[in-house]
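See below for the structure under consideration.
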Amino acid sequence: MPELPEVEVVRLGLAGAIPNRRIAAVSVLHPRPVRRHVGGAEDFASSLPGRSFGVPRRRGKYLWLPFADGDALMAHLGMSGQFRLDEPGSPLPPQCRVVIAFTDGGAELRFADQRMFGGLWVSPGGADGPTEIAHIAADLFDDSLDLDALAAVITTKRSGIKRVLLNQAVVSGIGNIYADEALWRARLHYDTPANQLSQTEALDLLVAAKQVMAAALAEGGTSFDALYVNVNGSVGYFGRSLAAYGRADLPCDRCGRPIVREAFMNRSSYRCPGCQPRPSAVG
DNA sequence: ACTATATCCTGTATGC
DNA sequence: TGCATACAGGATATAG
26 MPELPEVEVV
36 RLGLAGAIPN
46 RRIAAVSVLH
56 PRPVRRHVGG
66 AEDFASSLPG
76 RSFGVPRRRG
86 KYLWLPFADG
96 DALMAHLGMS
106 GQFRLDEPGS
116 PLPPQCRVVI
126 AFTDGGAELR
136 FADQRMFGGL
146 WVSPGGADGP
156 TEIAHIAADL
166 FDDSLDLDAL
176 AAVITTKRSG
186 IKRVLLNQAV
196 VSGIGNIYAD
206 EALWRARLHY
216 DTPANQLSQT
226 EALDLLVAAK
236 QVMAAALAEG
246 GTSFDALYVN
256 VNGSVGYFGR
266 SLAAYGRADL
276 PCDRCGRPIV
286 REAFMNRSSY
296 RCPGCQPRPS
306 AVG
């Protein structure tokens, strides 16, 4: 699923293809992905032509594509959203929802989304920081992030540590895959109360999360199937490097015990029962 | 204020 | 072969 590394791969792909290009026409093929656009689908399609893109930006899993006029096109990939850059007239990708054509007649920007948890909308005045994502915290690659301060905040939370890692208002960009990988690297059980961690333990966990996401970014992200791909349709290769996620019954790379899969927060959590034992009751 | 859960959505895999 | 069900999970609304 697209988390920070995958979204950054997409951002980089867009950065090489859309800046300074002017929109000629927009087609909305399904209304749901533009549900967050205040004026509705027709307004979305009619308000974009004539605008020119700047350099795409990202916070956590959110992308925004600034326009020269100060507004921005907001984008979230959700579970299965994809941006593709394809030549006009070429076959549409499966579940293509929105098509943006340019005045130069070059590659079109196409938004496909099977499950439609993702979406696009125009953020008025959002080019330099959309208000719609004011509640989204800095991510671990944000230069302005104070890692020590973030670790201190985490140690005040009473929730289990995985809930905290997944809370985008605390630290953004981490989803189920990299949460499990970071917890495995830090040898922590997902249900460990965050306020039972020492400052050092919290800091080590954040560093682990940043390191695993940096490694994933270097390999083009994690792809399990065609649901996550780069703007040119290529897949990422970090899936082969995962130590916990998706490895139920396979041996832990550290201790050899089989990784277990457990239901947690309406999804799956993977951990090593040897390296990441359930914490003792509250003490 | 804080924490936890239900909901949305569809293609794929699995079971009977 | 066909139908039903489980599963994948990010963000938000709602409940506690």
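According to the working numbering, the first sequence is numbered sequentially starting from 26. Even glycine gets a Cβ: it sits at the ideal position worked out from N, Cα and C. The structure presented is a predicted model; accordingly, all values stated were derived computationally and were not measured.
- The alpha carbon of Phe108 has as its nearest neighbour, out of Gly143, Ile186, Arg61, the alpha carbon of Gly143.
- With contacts defined by Cβ atoms closer than 7 Å, Pro91 and Gly106 do not form a contacting pair.
- In this chain, the beta strand (DSSP E) harbouring Ala100 covers 97-101.
- Assigned with DSSP and collapsed to three states, Ser184 falls in coil, not helix or strand.
- Within the DSSP secondary-structure output, Thr247 pairs in a beta bridge with Tyr262.
- Beta-bridge annotation (DSSP): Ala126 is paired with Ala50.
- Under the 8 Å Cβ criterion, the stretch 188-206 counts as touching the stretch 157-173, having at least three qualifying pairs.
- For Leu90, the uninterrupted beta strand (DSSP E) run begins and ends at 87-91, by DSSP.
- Listed in chain order, the non-local C-beta contacts of Arg82 below 6 Å within the same chain comprise Trp89, local neighbours out to five positions each way being set aside.
- Ser148 has Ala97 as its beta-bridge partners, per DSSP.
- For Arg140, the number of other beta carbons within 10 angstroms of its own is below 16, and it is reported as exposed.
- In the displayed model, Ser115 falls within coil according to three-state DSSP, outside both helix and strand.
- With a contact defined as Cβ atoms closer than 8 Å, Ala204 and Lys187 qualify at about 5 Å.
- Assignment of Leu242 by DSSP, reduced to helix, strand and coil, places it in the helix class.
- Membership of Ser71 in the alpha helix (DSSP H) is indicated by the continuous run 65-72.
- Judged by their CB atoms, Thr247 and Gly264 are nearer to each other than the 7 Å cut-off.
- The stretch 219-234 makes no contact with the stretch 108-119: fewer than 3 CB pairs, one atom from each, lie closer than 8 Å.
- The beta carbons of Tyr270 and Ile202 sit about 5 Å from each other, so the pair counts as a contact at 8 Å.
- Taking 7 Å as the cut-off, the Cβ atoms of Val232 and Ala207 do not count as close.
- Exposure of Pro149 is indicated by the presence of fewer than 16 other C-beta atoms within 10 angstroms of its C-beta.
- Take His214, set aside five residues on each side of it, and the residues of its chain with a beta-carbon closer than 7 Å to its own are Arg296, Gln301, Pro302, Arg303, Pro304, in chain order.
- Taking all protein chains shown into account, Gly95 has fewer than 16 neighbouring C-beta atoms within 10 Å of its C-beta and is therefore exposed.
- The alpha-carbon separation between Ser293 and Ala273 amounts to approximately 10 Å.
- Between the C-alpha atoms of Thr217 and Leu267 there is a straight-line separation of about 22 Å.
- With a threshold of 16 other beta carbon atoms within 10 Å, Cys280 falls short and is exposed.
- Proximity of the stretch 48-55 to the stretch 116-129 meets the contact definition, three or more beta-carbon pairs being nearer than 8 Å.
- For Val285, the enclosing beta strand (DSSP E) has its first and last residue at 285-289.
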